[in-house]
Every structure is written in structure tokens, then in C-alpha cells.
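Here's the structure we're looking at; comments come further down.
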Amino acid sequence: MVKHVVLIEDEPNIIEAISFLLRQDGWQVTTHSQGDGALEAVREAAPDLVILDVMLPGRSGFEVLQELRQDPGLGNLPVLMLTAKGQARDREAAERYGASRYMTKPFSNSEMLAVVRELVA
Amino acid sequence: MLSFNILVLVATLYVGLLFGVAWAADRRARRGQLGWMRSPVVYTLSLSIYTTAWTFYGAVGSAVRNGFEFLAIYLGPTLVFVGWWWLLRKLVRVGRSQRITSIADLLSSRYGKSAMLAVIVTLLAVVASTPYIALQLQSVARSFSAFASRGGTGIDPPDVNVTAFWLAVGLAVFTILFGTRSIDVNERHHGVVTAVAVEAVVKLVALLTVGIFVVWGIAGGAGDILQRISAADLNTASASGNRWVALTFLSATAIICLPRMFQVTVVENSDERHLETASWAFPLYLFLMSLFVLPIAVVGLAELPAGSNPDLFVLTLPIAHKQEALAMLVFLGGFSSATSMVIVAAIALSTMVSNHIVMPLWLRMRRPTAEISGDVRDVLIRSRRLSIAAILALGYGYFRFTGGSEALASIGLIAFTGVAQMLPVLVGGLFWRGATRRGAIVGLLAGFAVWAYTLFLPSFEGSWLMSADTIANGPWGIALLRPQGLLGIMGVDPLVHALVWSMGVNTVLFILVSLVSFPSPLERMQGVQFVNVFEHSSGQGPKGNVAVEADDLLVMAQRIMGNVTALRLFREVAREQGKGDGLPDPTPEFVDRLERELSGTVGAATAHAMIGQITGGTTISVEDLIAVADEAAQIMEHSAQLEAKSRELARTARQLQVANEKLRELSIQKDSFLSQISHELRTPMTSIRSFAEILRDSRDLSDEQMRRYSGIILDESIRLTRLLDEILDLSVLENGQVTLERATGRLSEVIDKAISATVIPGQDARLKINVSEEADKIEITTDLDRLAQVFINLVSNARKYCDARDPRLQIRVGRDEDRIVIDFIDNGSGIPERHREIVFEKFSRLSDASAAGSAGLGLAISREIMRNLGGRIEYLPGQGGAAFRVTVPVSPPEPSHGVN
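Heads up: the sequence lines are chains C and P, in that order. If you read the first sequence in this note's numbering, its first letter stands for residue 1, the second for the next number, and so on. If you read the second sequence in this note's numbering, its first letter stands for residue 1001, the second for the next number, and so on.
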């Protein structure tokens, strides 16, 4: 069975890189490039995993995560947060809002893949 | 033959003349035409009330009985006036500066405004003056009788008592009419004083005429008279040295302490300098009055039948020689002497009685109400009038009671000794600050008691209160207490005895009690005011005095209201008073107005006190007040300075608060920037690393994929480089190390280049840009690339942040003489006011989420560029959307760095 991931990220090059890596690993990838409508996109795709960037146009990744956790249908969905801000404050915020895992950009491809696999195992 | 009826007619006409004079003088005074009425001559003549009927008639009697003794009565006043500088000047100055109305008022003021002292002095004055008034009534009545009794008139001699009665009534009417016409603050009675001056002339002329008639008409001229005098058997033996000294002392005291003399000398004095004239003119007057006393005495003794009353020689000599007109003149002279004394004495006494006894009683009996000021004047005038009537009634009563048996001169001396009791207290009050109220009261009462016991009561010769036996042997037969021989001192003249004892006891007790008692604060203050009166007041006449008052008021008003305001007010009032550029008169209206104006500055109570001090009795000197005003002004200035300082501090605090707020926001911005710069660096690095790994690890990539991924790595590397360039650029610009490439170009070209640089290929440009046509016409010389960099930033910001549905950017261009202004105005929601400064700070972005693809360095760099170009960039509020104004100088600034 093909696992389904929704990638919410605004940088086109990073979208391309992550999509390539996950598809190569056998994932079905849906992308969304802004904060607005992200929750609807996730609800529609009903994925096994969400990869969420923090710095998004429209609404921040934290806001999206907060709403996602409060949604009864999506509350237990594994979420991997990616952020380009390497500060401890952001990590704490991510944990508080209920991110399953948290990774700082730039990341190692293999490490990212390992985390993704682990989250849906 | 002069009929008695003609005598009555002439007397009546004379009185009518006096009425006319008094009335005319009063009217002139009321119109302010004082003129000659304020001359030193009138003042000196008014002093002549010292020479009453007692001296007019009695001096001759005294000469007959006691030889030269009568001269002592003139010597005392002469000494006082010649030495005016020492005592009278001070007395008059105090009287003026304290607005003294009577001797009772003076002593009361000096001793802490003591009401009790005022009552004592008033009673003493009334008791001592009553016999004196009786004496005047008697002398006029007797002179009437002298006329009538010479027979041949067909009319019975009128009853002396009836004459005296009607005289008393007439004098009461005159005094009431002219003595209480108005209640003047100064208690000056111009009408009365003028009438008194006229009477003074009449009595002098009368006496001189009689003297000339006697010397050259009856006797054989001056030489004959001198011979007769030396031959005459005048009773010179009794004129002991003691008595001489005593009489001189008494008369000197009387001229100061007699209520009526105090009235004319001090109260009616309108100018201190008049004393200077009076100091020689009044002794001269007295000299003339006494010149013919001895001739008349010796001629009278020789010519008139034995047993004739020497007290009437002045009148009976002309009658005996059938000189009717001269006799009439003498009669008028005596009449003048008597009436002027009674009138002035009645005024002085009524002032004291009403001010110190009637009014206080009336006020105490009334229930206190707020509105008593209206009828107080009426009550005051009524009480004055009643007092005058009562005093004359007392005088008449005394006259009837004693039956006119006493020799005139001795009544006068008894009265003199009575009022002399005030002298220690008066002189002590003027020269000794240590004198106290208690001392004054005790001294006065003791002196008065001794006087009554040793002189006044014995003068009734056993007919009243004190029996003849007591007088002869002492009370209960105790010889040591004999009224005229206390402690067994016998053989002394009763007058000298009484004078020495009363004055001695009085003075000693006054000094002793003053030394052991403590003055109240008010007493102390008044003491200083009296003793140092010359340091606290000015001695100008009333004209000068008015000016000085207005001067003082102006000085004070200037201190309090400020120069300009005070001068304006005074000039305005002066114009209203028709005084042109001079100082206004301190009329009640003006003083009220000034007080109101001042109360606006210093408060009503203070203003009232200050004005009161200057216009009313001066309890505190003007200098003291000015010192107070200075202090107040200093305090006001200090508080103004403090206010200014605290305003300044508040301003600094606000500035600090603003700076602090800015710092706080900057600190948040700094944190935000660290995240931002991290994000900006990590984002391209993420792509680079990820694709680098893909290229390394993936074996089955197509050529096309490999090229594309390598291209991404390259682009992101360039993006990283650009970011680092920007940071470096900003750093260079901030340090002023920038090199400007100056060139001249059309402004529109610069703008177009900037707009096209912001268009991202492949994206549809939603932002519509409108550039005003002016831009075509403007040539500009500057670093065109740097300017374009600023424009690019502004246009791309508009592209990024303009949140309107239909975004538009208006680029407006304008120029004046030395600068070009380019405004960039979009139709978005603009920048909130609190962010308008911060947008220009480096690394600032208003929110994380809205700033995709920017490091937030654009405006910071733009500002630095404009600074380097000699212009500026600023937010332009109130334009609807976000609006920035770029200002560039037409001619570029001198290059500071780097251009070779």
C-alpha cells in the first residue's frame, strides 16, 4: 500500500527536492505552498503524514499545526515540522503545539527519510 | 451811651460773622480750595486758643495778685514751641502717621490700642476740662454784668446764670454745626479753625488797643508806665522760685496735654512745617498778648476804686473812661477768647467721649450684625453731638455749682495740673520703648488720684465731697494725710505741693511698673512706631503727603502687579480724575479699585491689609510691606522656575519613554532578525544540500534532471551570495565608505529601469504603476544606479506588500529650486504609525509571515543610500496607503570619499 504524504512548503526548490526524495522512496506526495487552505488540503488528501514548514505565506506553520491538532478527524496525524530557524524557542513551540517530530533545515536526505518512515511505521 | 441791647446786638452780629466765616471756610475746604486755610499763619492763630478768657482777663488779675507770676503762664508754651524740634515735631509726626484723633487716642494707640487707657484719659480730660469750660462761661457772663451794672441803661443787670446758660446753648449749637458736619478721617475742622483764627486776631487787637489806650490815653506814655510799675506795690513776694518753676512747667505741659491744645496742635495740623513758623510766631503772639498786662494792672489799681475785681480791669478801665467802642472791642475780645476755647475743647472732648466711651458701649450693646456700617456714621455723628451738648451742660453745671466764687486763675491752674498727669505717659511713650500699658495705667490713675486729693477736691473749700475739716486736719484727723500737706510737708504752696506729689507718684509708678511688666506684641510694635516715627514716615505736608501716598501705592502695585500693568492702571485713573500724566489722588474709589486689582494677585485679605497700611494708620512701614511683596515675588518666580524645570523633566521622561519603547521594539526586531537571517541563509542552503546529496547518491538520474538540479544549486548559491552582498553593502553605506558614481540622466529613465527590474519573469504583474509625466522633464545628476536601487526597493515593496484588491502604485514627481521630490504612494492599508520609524531599521520586517523572500534590509539600505546622496527617504503619512517620499538634491553633495 502506497503511503500518502502532504508537504506544506513555500520554497519551490525545497518542494522539488523533498518530493523527489519521497517519490523515489515510494510515497505519494501532495504539495501545498501556503498557510492558507493548508488544513483543507490535508483534510481532502487524508494522508498518512504531514510535512509542515514553519515560515509560510498567509499563516505560519504553527497556526496550521494548532488547528490540525484541534480537528477531531486529523488530531492524531503524524506531523513532521521543518524549520529554517534554528532557535530553541521554535523547537519548544513546535513541541507545545504537538508536532510529532521537528527537523532543522538544512537536513540530511537520508535522515529525513528515516524520520518519515519511522513516523508512519 | 452804649445800651445793653446794642451790646447784645453786637455780640449776636459777631457770632453771626463767626458762623459766616466758619461756613465759608468749610465750603471752600469741601471744594478742595484750601489755599490760605492751610497756611502756617492760620495754624499759629488757631494755637491762640491757649489764651482763653482766663489769660485775656485773668492775667491782669494775676499780675495784681502775684506780680510777674503771670509771665510763667506764657513762658512754658514759649519754651515748648521754641524747642519744637525736640517734642512737638515728633508728636505731630506720630499724630499724622497714626491718624491720631485725640490725646486719648494717642496714648491708647501707643500702649497697644488699649481701650482702658483711652477711657481713663478721656475721663481725666473731661474732669479737668469741665472747670475750665465753666471758667469761660463765667468770664463772659461777668463781662456782660460789668457792662450792665455800670447803670444808666434802664435795664436790670441780667442774671449771670441766665447769660451763662444761653451762652452755653449758643456755643453748643455752633460747635455741633461746625464740629460735627462730617466725620472726617483726619478729624480736621477747617471752618472751626478759621473762625478760631479770626477770634485770635480780634482778641489780640482788643488787648493791644486797650494797652495802647491805657499807656498813652490814661497814663503819660511808656516812661510814665515804667515808673508806675516799679513804684507799684505788686505782690511780688509770693512769687517764689518754686511757684515760678511749677507754673512754667504746668503751662508747658498744658500746651501739649490739654485736649483742646492737642486738637489744634496735632490733630488740626495739616503740615509739619507749620511748626517751624509757629515756633517763633506763637511766642510772638503770646508776647504781644502779655505786653500790656502790667500797665493795665498798675493803671487799673491806681484809677479804679478800691475793691474792683482786677480780673476785669481790662474791661472796666475803658468803661470807666467812657470809651464805649473800646469797651465793646474788649468785650468781643474776651468773648472770642472764651468761645474759641469752649468750641475747640468741646470738639476735642466730644471726639474722645464718643470714640472711646459712647461708641464702644453702643457697639457692645448692639447685637453683632453684618450690616452695621451704614448707620455707624449716623450713630457716630449723633454721639458726637450728644457729647458736645453733655460737655457744655457739665461746664454750665459746674459753673452753677461753684457759684463762680473762685478766682479765675486758680481754676485754670487746677485744670492744668490735672491734665499734666498725662505728660509722663505721653513723653515716655514717645521716647521710651520700654514704657508699657500697665505702667501707663497705674501712673495715670495714681497721679490723677493724688491730684484729685491734694488739689481738685480741696478747691471746693469743703463744699463738695471733702470737708473743710479734712482739708485742714487730714482725714480722720491724720495730719500726715492732710491734702495740702502730705507726710507733714507744710508751708509749701498748695499748687506746687500737689504738682510735685502727683507728678512724682505718677512718674515713679509709671517707670517702675513699666520696668516690671512685659509689653504685648502690639504694644512693642506700636512702641517702635512711636519712638522711631522718623524712620517710618515722611514729614511732607498734605499736598506732598497725598503724592507720597500715591507714590507708595504705585511702588507697591508695581512690585505686585508688575510695572506695565501698574503704570497702566495708575495712568488710567489719573486720566479719569482729570490729572493728565500725573499720579492719581488716592481717592476712596481709586483705593478700592486698586485693592480689587491687587487682591487678584495676592488675595483679598493681603491686599486689604497692604492698602490699609499705606492709606490708613501705618502700623508697619511701607518698606516692610515692600520687603514682603519682594519675598512674594521671589517665591512666585521660584515656583515658576520649578514649574518650568518639572515641565522639562516631564518632557525628558517622555522622550526617554519613547526611546525606551523604540529600544524594546528594536530588541524584538533583533531577535526576529536572527530568526530571519537564519531562515534566509538556511533556506537556500537546504536546497543546495538536498540536491547535492541527490546528485551524489542517486545513480539513475537523467541528464535533464542532473542539469536541472545543478542549476538549482547554482541559483541558490547566487541567492546566498546576494544576501551576503546586501549585508555587506549596508555595512559599507553605514560606514560612509561608499563610492558614488556620479552621472546625469533623465529621472523617468531611472524610474523605468527600476520598475522593469522588479518584474519577476513568468509572474503576471498585478501592480499597476502610474508615473507622473514631470519625470520626463527632470534631469538629475547623482549616482543613478544607487538611486535606482532605492526605487527598486520601493517598487518591489509595493509589489510584495500592497494588499489592495486592485493594487496600484502612484509615482509622483515634483521639484523646487534645489531639490527633487519623488513620492511612491500605493493604495494598500499602509504602515501602522508605530512601525513607521522601525521599517527603516536594518533587518526589520513587520511580521514573519508577510515577508517572504526578503531579509528586511531594503529600506535600511535605501535610507543609507539617500543619506549618502545628500537626500533622504521618509514615510509620508496621510496618503491613504503606504507612501514614501524620496528627496534628492538637484546638485549633488561634494564627494566625500573615493571619487578619483
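From the three backbone atoms N, C-alpha and C, an ideal C-beta is built for every residue, glycine too. Every value quoted in this text rests on a predicted model; they were computed, and no experiment measured them.
Can you check which of these residues, the options, is closest to residue i by C-alpha distance?
{"i": "alanine 1393 of chain P", "options": "P:Val1205, P:Leu1137 and P:Thr1277", "result": "P:Leu1137"}
{"i": "valine 1528 of chain P", "options": "P:Ser1109, P:Ser1698, P:Ser1046 and P:Leu1714", "result": "P:Ser1109"}
{"i": "arginine 1454 of chain P", "options": "P:Ala1435, P:Val1505 and P:Leu1423", "result": "The sequence shown places threonine at residue 1454 of chain P, not arginine. Residue P:Val1505 is the option with its Cα nearest to threonine 1454 of chain P."}
{"i": "aspartate 1752 of chain P", "options": "P:Gln1737, P:Pro1761, P:Gly1736 and P:Gln1789", "result": "P:Gln1789"}
{"i": "tryptophan 1280 of chain P", "options": "P:Val1192, P:Leu1047 and P:Ala1348", "result": "P:Leu1047"}
{"i": "glycine 1020 of chain P", "options": "P:Val1193, P:Gly1076, P:Glu1069 and P:Ala1435", "result": "P:Val1193"}
{"i": "isoleucine 1176 of chain P", "options": "P:Ala1348, P:Tyr1132 and P:Lys1203", "result": "P:Ala1348"}
{"i": "alanine 1882 of chain P", "options": "P:Asn1797, P:Arg1815, P:Ile1838 and P:Arg1863", "result": "P:Asn1797"}
{"i": "alanine 84 of chain C", "options": "C:Glu67, C:Thr104 and C:Gln70", "result": "C:Thr104"}
{"i": "aspartate 1783 of chain P", "options": "P:Ser1517, P:Phe1070, P:Ile1718 and P:Val1890", "result": "P:Val1890"}
{"i": "threonine 1417 of chain P", "options": "P:Thr1277, P:Glu1597, P:Ser1639 and P:Pro1131", "result": "P:Pro1131"}
{"i": "alanine 1195 of chain P", "options": "P:Ser1145, P:Ile1343, P:Leu1649 and P:Leu1480", "result": "P:Ile1343"}
{"i": "isoleucine 1100 of chain P", "options": "P:Ala1118, P:Trp1086 and P:Gly1083", "result": "P:Ala1118"}
Regarding residue i and the ligand GTP, is the C-beta to nearest heavy atom distance less than 7 Å?
{"i": "glycine 1083 of chain P", "result": "The model depicted lacks the ligand GTP and carries no ligand whatsoever."}
Within the 8 Å Cβ cut-off, does residue i reach chain C?
{"i": "isoleucine 1712 of chain P", "result": "yes"}
{"i": "threonine 1686 of chain P", "result": "yes"}
{"i": "alanine 1849 of chain P", "result": "Since pLDDT at alanine 1849 of chain P reaches only 36, below the 50 mark, its modelled position is unreliable, and the value read off the structure follows with that caveat. True, the Cβ-Cβ gap to chain C drops below 8 Å."}
{"i": "isoleucine 1792 of chain P", "result": "no"}
{"i": "serine 1690 of chain P", "result": "yes"}
{"i": "isoleucine 1760 of chain P", "result": "no"}
{"i": "glutamate 1693 of chain P", "result": "yes"}
Which bits of chain C does residue i rub up against, with CB to CB less than 7 Å?
{"i": "serine 1946 of chain P", "result": "An answer regarding residue 1946 of chain P cannot be provided, because it is not within the stretch 1001 to 1900 covered by chain P."}
{"i": "histidine 1679 of chain P", "result": "Met55, Ala84 and Lys85"}
{"i": "serine 1862 of chain P", "result": "Ordered by position in chain C, no residue passes the 7 Å Cβ test against serine 1862 of chain P, which lies about 23 Å from the chain."}
Which residues bound the beta strand (DSSP E) around residue i?
{"i": "aspartate 187 of chain C", "result": "Nothing can be reported for residue 187 of chain C: it is not among the residues displayed for chain C, which extend from 1 to 121."}
{"i": "lysine 1113 of chain P", "result": "It is not in any beta strand (DSSP E) - lysine 1113 of chain P carries neither H nor E in the DSSP assignment."}
{"i": "asparagine 1770 of chain P", "result": "1768 to 1771"}
{"i": "isoleucine 1780 of chain P", "result": "1779 to 1783"}
{"i": "phenylalanine 1884 of chain P", "result": "1883 to 1889"}
{"i": "glutamate 1874 of chain P", "result": "1872 to 1875"}
{"i": "proline 81 of chain C", "result": "First, the residue type needs correcting, since residue 81 of chain C is methionine and not proline in the sequence shown. Note, methionine 81 of chain C: beta strand (DSSP E), 79 to 83."}
{"i": "phenylalanine 1824 of chain P", "result": "1819 to 1826"}
So the alpha helix (DSSP H) residue i belongs to, where does it begin and stop?
{"i": "glycine 1333 of chain P", "result": "1324 to 1353"}
{"i": "glutamine 1810 of chain P", "result": "Careful: glutamine 1810 of chain P lies outside any alpha helix (DSSP H), inside the beta strand (DSSP E) at 1808 to 1815."}
{"i": "glutamine 28 of chain C", "result": "Looking at the DSSP string, glutamine 28 of chain C is not in any alpha helix (DSSP H); the run it does join, the beta strand (DSSP E), is 28 to 32."}
{"i": "alanine 1197 of chain P", "result": "1190 to 1212"}
{"i": "threonine 1248 of chain P", "result": "1241 to 1257"}
Mind checking if residue i is an interface residue toward chain P, Cβ cutoff 8 Å exclusive?
{"i": "isoleucine 14 of chain C", "result": "yes"}
{"i": "phenylalanine 20 of chain C", "result": "yes"}
{"i": "serine 33 of chain C", "result": "no"}
{"i": "alanine 99 of chain C", "result": "no"}
{"i": "glycine 26 of chain C", "result": "no"}
{"i": "alanine 17 of chain C", "result": "yes"}
Interface residues of chain P around residue i at Cβ under 8 Å?
{"i": "alanine 93 of chain C", "result": "Result: empty, since nearest Cβ-Cβ is about 11 Å, beyond 8 Å."}
When burial is assigned at 16 or more other CB atoms within 10 Å of the CB, is residue i buried or exposed?
{"i": "aspartate 1671 of chain P", "result": "exposed"}
{"i": "glutamine 1655 of chain P", "result": "exposed"}
{"i": "arginine 1260 of chain P", "result": "buried"}
{"i": "leucine 1250 of chain P", "result": "buried"}
{"i": "tryptophan 1054 of chain P", "result": "buried"}
{"i": "glutamate 44 of chain C", "result": "exposed"}
{"i": "serine 108 of chain C", "result": "exposed"}
{"i": "glutamine 1676 of chain P", "result": "buried"}
{"i": "alanine 1302 of chain P", "result": "exposed"}
Report the neighbours of residue i on chain D: residues whose CB is nearer than 9 Å to its CB, in chain order.
{"i": "glutamate 1817 of chain P", "result": "In the structure shown, chain D cannot be found, because the protein chains are C and P."}
In chain C, which residues lie with their C-beta within 9 Å of the C-beta of residue i?
{"i": "arginine 1682 of chain P", "result": "Thr83, Ala84, Lys85, Gly86, Thr104, Lys105 and Pro106"}
{"i": "glutamate 1841 of chain P", "result": "Residues of chain C passing the Cβ test: none, with the nearest at roughly 20 Å."}
Residue i versus chain C: which residues are under 8 Å apart at the beta carbon?
{"i": "glutamate 1716 of chain P", "result": "Asn13"}
Taking Cβ-Cβ distances shorter than 9 Å, what residues in chain P pair up with residue i?
{"i": "asparagine 109 of chain C", "result": "Arg1689, Ser1690, Glu1693, Ile1694 and Asp1697"}
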